[in-house]
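K.L.:
Protein chains in written order, with our numbering: chain A, 1 to 98; chain B, 1 to 485.
1. In chain A, what lies closer than 8 angstroms to residue 435 of chain B by C-beta?
2. Chain B beta carbons: is any one of them nearer than 9 angstroms to that of residue 47 of chain A?
3. What is the residue span of the alpha helix (DSSP H) that residue 462 of chain B lies within?
4. Would residue 19 of chain A pass as an interface residue toward chain B - the criterion being a Cβ-Cβ separation below 9 angstroms?
5. Which ranges does the beta strand (DSSP E) cover as unbroken runs of at least 3 residues, wholly within the segment 135–214 of chain B, from first to last along the chain?
6. I'd like to confirm the pairing. Which residues does DSSP put opposite residue 397 of chain B in its beta bridges?
7. Give a yes or no on whether the minimum CB-CB distance between residue 367 of chain B and chain A is below 9 angstroms.
8. Just the Cα atoms here: how many angstroms apart are residue 80 of chain B and residue 329 of chain B?
9. Taking residue 256 of chain B as part of the beta strand (DSSP E), name the residues at either end of that continuous run.
10. When the cut-off is 9 angstroms and only beta carbons count, does residue 487 of chain B lie next to chain A?
11. Let me make sure I understand the geometry here. Which of A:42, A:87 and A:34 has the alpha-carbon closest to that of residue 296 of chain B?
12. Residues bridged to residue 440 of chain B by DSSP?
13. So which of B:85, B:314, B:275 and B:238 has the shortest CA-CA distance to residue 229 of chain B?
14. Buried or exposed for residue 294 of chain B, please, with buried defined as at least 16 other CB atoms from any protein chain shown within 10 angstroms of its CB.
15. From the DSSP output, read off the bridge partner residues of residue 43 of chain B.
16. Which same chain residues end up closer than 8 angstroms to residue 336 of chain B when comparing Cβ atoms and leaving out the 5 residues on each side of it in sequence?
17. Taking the alpha-carbon of residue 307 of chain B as reference, which of B:73, B:99, B:38 and B:431 has the nearest alpha-carbon?
18. In the segment 366–390 of chain B, which residues sit with their C-beta less than 7 angstroms from some C-beta in chain A, listed in chain order?
19. Specify the secondary structure class of residue 292 of chain B as computed by DSSP and reduced to three states.
20. Should residue 65 of chain A be counted as a contact of the ligand ADP given a C-beta to heavy atom distance under 8 angstroms?
21. Which residues does DSSP pair with residue 20 of chain B in a beta bridge?
22. Have a look at residue 165 of chain B and residue 11 of chain A and give me their C-alpha separation to the nearest angstrom.
23. List the residues of chain B that residue 9 of chain A touches, going by C-beta distances under 8 angstroms, in chain order.
24. Thinking residue 441 of chain B and residue 279 of chain B are a contact (beta carbons under 8 angstroms), I'd like their distance in whole angstroms, please.
25. Going straight from the alpha carbon of residue 227 of chain B to that of residue 193 of chain B, what length do you get?
26. Give me the subset of the segment 204–236 of chain B whose CB atoms are less than 9 angstroms from a CB atom of chain A, sorted by chain position.
27. Just how far apart, CA to CA, sit residue 341 of chain B and residue 13 of chain A?
28. Contact check, residue 59 of chain B vs residue 76 of chain B under 8 angstroms by CB: the rounded distance?
29. Is the beta carbon of residue 119 of chain B closer than 9 angstroms to that of residue 174 of chain B?
30. Counting only beta-carbon separations shorter than 9 angstroms, does residue 94 of chain B have a partner in chain A?
31. Starting from residue 71 of chain B, trace the alpha helix (DSSP H) both ways and give me its first and last residue.
32. Determine the direct distance from the alpha carbon of residue 459 of chain B to that of residue 217 of chain B, and round the result to whole angstroms.
33. Using only alpha-carbon positions, find the residue among A:18, A:2, A:45 and A:80 that is nearest to residue 339 of chain B.
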C-alpha cells in the first residue's frame, strides 16, 4: 500500500481537482495514521480476501425495453429559465475545448 | 392552539372535518419556521407554499398528505426552488425538475414549506458540517447538544413541532441516528423501495430515501405514498407495493427478535440499557420471542472503516459533476481545468475534501485491492452475518445509539483512534439494503434516545408491525419539543 505521505495526498487531491492548504495536508497526514489503523481492522477479518466484493446490496434486474410511446421533454423556455447566462436561446458555458 | 405539533392522522382529520384549511396550516408552519432558532432551514418556501395552498385541488382530500405542510432535506431537487445540499459549491443552484419523492408528495397534496439544512452533501453525522453551521437539538434549550446528521434540519424541524413530516436521506444512519436524538420515528426502507431520482447521490450503493414522522402509523402511511417502481431510477424495484398500514396492529405473539449481544455489551449508559431491557420484557409479555445472538466482534468493529472507505470512494465519482461549469458556483480560471480546480477548492469545505481524499487514496492503483476492494469484500461478510441472523428472526433490535445526543463541543468529525461498535453499527442496514426504523425509547436528563429495528429486505410490513408493538409498549409517540416551552 502506498504510504499516505503529504506528497501522495497532494497528488490524490490533484487528481480530484482541488487543493488544500499546507496546514490541512499536515493535519490529514496525521489523521491518516489513525485511518490506516482503522482500515487495517478489515484485513484482520478471517476469510475477507476469499469473499466476493459486494458492489450493491442485492442484484437488481432491470429492463431497458419499453413500449415505443411518444413523450415530450421539457420546453426550451423551462430548460433555460434557471440558467445564469443565456445567450441567443442557449446556455453559455466556459470554453472546455481548446 | 395550532396543529403542527400533532401527528399526520390528527391533522388530516381536522382537515376532513373542515376545522382548518391547508392555507391556515401552511401559514402556521411558516410562522413557526421563521420564528425557529434551531437553524433548520436553508430556504423557507413562503411564497411558493402559500400559492400552492391556495390552489390545492380538494379532490385529493382523502389522501393523508392533502394540505399537509412538510419539509424536505436540501439534497432533493425541487423545481424552481434553490437546492444547495448545504454546500457552497451549489450556491444559487435552482433545479429545473423535481425529484420523484417530491413529485409523489406533491401529487398526494403535501405542501413543501422549506428546504432543510444538512451536513454538506450528506457527508457527516454531526449536524454541524453544512455551510450554515450547526443545527440545534430542540430538546436541549441550552443549545449545547447535537441533533446529529446528516439530516439535521429535517430532524430538528419535526422535533420542534414545525411540521409533521420531514424528508431526509440515509447513507450510513443519517435519518435513524438523528431520529434517536430527536425523539421522532425515522425510517429508511429497503434499497430500491423508494425512487432516488433527483436525490443528490453521495454513495449510490448505500444511499436511501428516508424520513421522519411522529408515529409508526404515520411512517407506514407515508411509505404507501412513496413506495413503488420508477423507471427513472435504475435501482428502483419492480416488487409490488403493499398497504403498509394493514398489518400494523396484528398480534406479534410468536414473532422473533434478535438482539446483538456485542452491541448491547458495548453500551455503558446504564439508563439506556435499563430502559432497553425493560422494553424487551414488555415485548416478551406480548408474546415476542427474544434471543440475544452473537456476531463476530471484529466484524462489528469493521463496519465503520468499511463504511468510510466504500462511501468515500463512491463519493469521489458521484460528486465529479460538481465542476463549476454546468451549474452552481463558478470560480474564474483561464482554462476549463483551472475553473474546475479553483471552483472545487473554494466550493468544498475542509471536511468534504478530507472525505474525497480518503476515497481517492483508497482508489489509487497501488491501494485499490488492499483498501477499496477489500472493503467491498468485508461489506459482503458483514451483510452475510446480519442476513444469517435475519434468516432465523423477524427483526434485529438494539438501542439506536449508545448515548443521548452528544455535546456540540465534542468533535465528531475528527478521526479518533478508538470508537464504540455501538456508535455506527446501523450502517449494516445500508450495506445490506435492509429496511430499518428508529423510534423513541426513553429520555435521560430531558434528552431522548431511541431503539432501532431492522428486518429482511422488502419486509416492511413485518417491520412496522413490530415497531407498532414497541411504540404501544413505550407509549412514546407524537413527541414535540416546542421552542417556547
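The C-beta atom is built at its ideal place from N, Cα and C for all residues, glycine as well.
As the structure is a computational prediction, the values presented were derived from the model and not from experiment.
P.N.:
If we stick to the structure as given:
1. None at all; the shortest Cβ gap to chain A is about 11 angstroms.
2. yes
3. 460–474
4. yes
5. 166–170, 185–188 and 208–213
6. B:453
7. yes
8. 17 angstroms
9. 256–260
10. Residue 487 of chain B falls outside the range modelled here, since chain B spans only 1 to 485, and no answer is possible.
11. A:42
12. B:450
13. B:238
14. exposed
15. B:115
16. 325
17. B:431
18. 366, 367, 370, 371, 373, 374, 375, 376, 377, 378, 379, 380, 381 and 383
19. strand
20. Here there are no bound small molecules, and the ligand ADP is not part of this structure.
21. Looking at the DSSP assignment, residue 20 of chain B forms no beta bridge with any residue, so it has no partner.
22. 44 angstroms
23. 357 and 361
24. 6 angstroms
25. 5 angstroms
26. 204, 205, 206, 231, 234, 235 and 236
27. 10 angstroms
28. Contact doesn't hold; Cβ gap of about 26 angstroms is too wide.
29. yes
30. yes
31. No alpha helix (DSSP H) contains residue 71 of chain B, which is instead part of the beta strand (DSSP E) from 69–73.
32. 16 angstroms
33. A:18
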